[in-house]
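A quick write-up on the structure given underneath.
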Amino acid sequence: GKDRVFNTPLCEQGIVGFGIGVAVAGATAIAEIQFADYIFPAFDQIVNEAAKYRYRSGDLFNCGNLTIRAPWGCVGHGALYHSQSPEAFFAHCPGIKVVIPRSPLQAKGLLLSCIEDENPCIFFEPKILYRAAVEQVPVEPYNIPLSLAEVLQTGSDVTLVAWGTQVHVIKEVAMMAQEKLGVSCEVIDLRTILPWDTETICKSVAKTGRLLISHEAPLTGGFASEISSTVQEECFLNLEAPISRVCGYDTPFPHVFEPFYIPDKWKCYDALRKMINY
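Heads up: the sequence shown runs through residues 1 to 278, numbered per the UniProt record's numbering.
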């Protein structure tokens with residue numbers, strides 16, 4: 001009802017700050033930011049208040065009942081203020097969890113897990129999938145575990161890792177690689193960015209010897225860098241080729257040139273082919 005679901009002033013730091021207070025008081029708080037691009041005014045509330053509340057109080061208080069939802073990623077016409085993917089900014093912040101689903105079925109199970117988790121969570125929703133993704137979703141509640149990547153397709157030659165919308169891109173790339181090159185790809189949806197599932201990724205790379213990571217966010221400082229660093233530390237002797245990152249450019253997200261900016265299937269396929277021929 002109107003006492004539980006209501007509009008607020010368009011003030012992101014106020015929305016998150018209010019949510020923190022509601023969560024600390026013991027209620028379930030779900031704060032919505034209109035676009036992930038506008039989450040930055042609330043950055044201090046998230047990383048210095050929500051993420052550190054339990055630690056700072058010596059576990060006397062916490063705001064683990066807080067979940068922050070935000071539409072995320074490119075949409076086809078969003079340009080620089082409606083297309084950003086800011087997950088890497090929050091991946092550097094202990095005390096919160098960051099989750100990105102790839103589909104309606106995943107979204108429901110992961111969102112319910114975020115709401116029930118004992119830690120504050122950020123739930124980024126790929127906005128281009130709002131009208132593009134169609135899937136049968138059970139009416140009854142169900143949970144999908146956080147911090148557990150999903151292997152969507154097993155393979156022996158290359159490991160492909162992505163999250164959100166980009167999962168659908170690498171699935172196409174896996175099909176192209178099989179048809180054109182006879183290359184068997186293992187496709188993994190990371191799902192949880194923080195804390196991420198290192199075991200599943202490293203186990204796959206130890207088997208395939210090759211890793212391609214793709215995300216829409218700019219290349220420099222993107223979360224692909226963290227995955228790449230961890231994998232080369234854990235699986236260095238298993239690697240048959242340098243790890244490949246296929247990501248957005250280090251520029252603001254463009255409008256007219258969006259099709260050239262995004263890491264589409266052709267860019268990913270070209271990077272995969274270079275790895276195979278290394």
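From the three backbone atoms N, C-alpha and C, an ideal C-beta is built for every residue, glycine too.
Tell me which same chain residues have a C-beta within less than 6 Å of the C-beta of residue i, skipping the five on either side of it?
i, result
"P195", "S147"
"K265", "V169, E172, V173"
"A42", "E12, Q13, V16"
"A241", "R210, M275, Y278"
"H255", "A79"
"R69", "E32, F123"
"L110", "V99, P101, I144"
"E49", "I20"
Find the nearest neighbour of residue i within the set the options, judged by alpha-carbon distance.
i, options, result
"S184", "L190, M176, R191", "M176"
"V161", "P94, P138, S214, G109", "S214"
"V158", "E233, Y53, K207", "K207"
"D59", "V151, L110, E150, G95", "G95"
"K180", "E216, Y269, Q232", "Y269"
"L219", "G155, P263, G76", "P263"
"S156", "A133, K203, P138", "K203"
"residue 301", "G73, G19, V134", "Outside the shown range of the chain, which is 1 to 278, sits residue 301, and nothing can be said about it."
"I30", "F61, L239, F6", "F6"
Can you give the Cα-Cα distance for residue i and residue j, rounded to whole angstroms?
i, j, result
"Q45", "E118", "18 Å"
"G248", "Y38", "19 Å"
"S229", "T28", "36 Å"
"E116", "N143", "9 Å"
"C63", "F40", "20 Å"
"S103", "Q84", "19 Å"
"L237", "E199", "16 Å"
"R4", "Q178", "50 Å"
"R56", "I243", "38 Å"
"A36", "E125", "9 Å"
"P259", "F223", "22 Å"
"L10", "Q106", "29 Å"
"I227", "K2", "43 Å"
"L212", "V205", "10 Å"
"residue 364", "Q166", "Residue 364 cannot be examined here, being either before or after the span of the chain that is shown, 1 to 278."
"L272", "G182", "12 Å"
"E233", "V151", "22 Å"
"V137", "V47", "33 Å"
"V231", "F257", "33 Å"
"S225", "L239", "16 Å"
"D189", "D197", "10 Å"
"V139", "T8", "29 Å"
"G221", "G73", "17 Å"
For a quick check, are the C-beta atoms of residue i and residue j less than 8 Å apart?
i, j, result
"K267", "V246", "yes"
"F253", "A79", "yes"
"W163", "R131", "no"
"A25", "C93", "no"
"P71", "K127", "yes"
"A149", "I193", "no"
"A23", "N65", "yes"
Going along the chain, which residues of its own chain have a beta-carbon closer than 7 Å to the beta-carbon of residue i, five neighbours each way excluded?
i, result
"P141", "L112"
"H82", "F35, D37, V75"
"E135", "S103, P104, L105"
Using C-beta distances below 8 Å, list every residue in its chain close to residue i, excluding the 5 sequence neighbours before and after it, in chain order.
i, result
"C114", "T67, K97, V99, C121, F123, L146"
"H153", "At residue 153 the sequence reads Gln, which differs from the His that was named. Hits under 8 Å: K171, A174, C185, E186, V187."
"A217", "Q84, S85, P86, E87, A88, F223, C247, G248"
"T251", "P218, Y261"
"F61", "V24, Y53, R54"
### Message
List, from N- to C-terminal side, the beta strand (DSSP E) runs of 3 residues or more that fit wholly inside the UniProt domain "Transketolase-like pyrimidine-binding" (1-132).
### Response
29-32, 66-72, 97-99, 121-126
### Sequence ranges, beta strand (DSSP E) only - wholly within the segment 212-270, length at least 3
244-248
### Message
For a minimum of 4 consecutive residues, which ranges assigned as the alpha helix (DSSP H) are wholly contained in the segment 132-209?
### Response
166-181, 198-208
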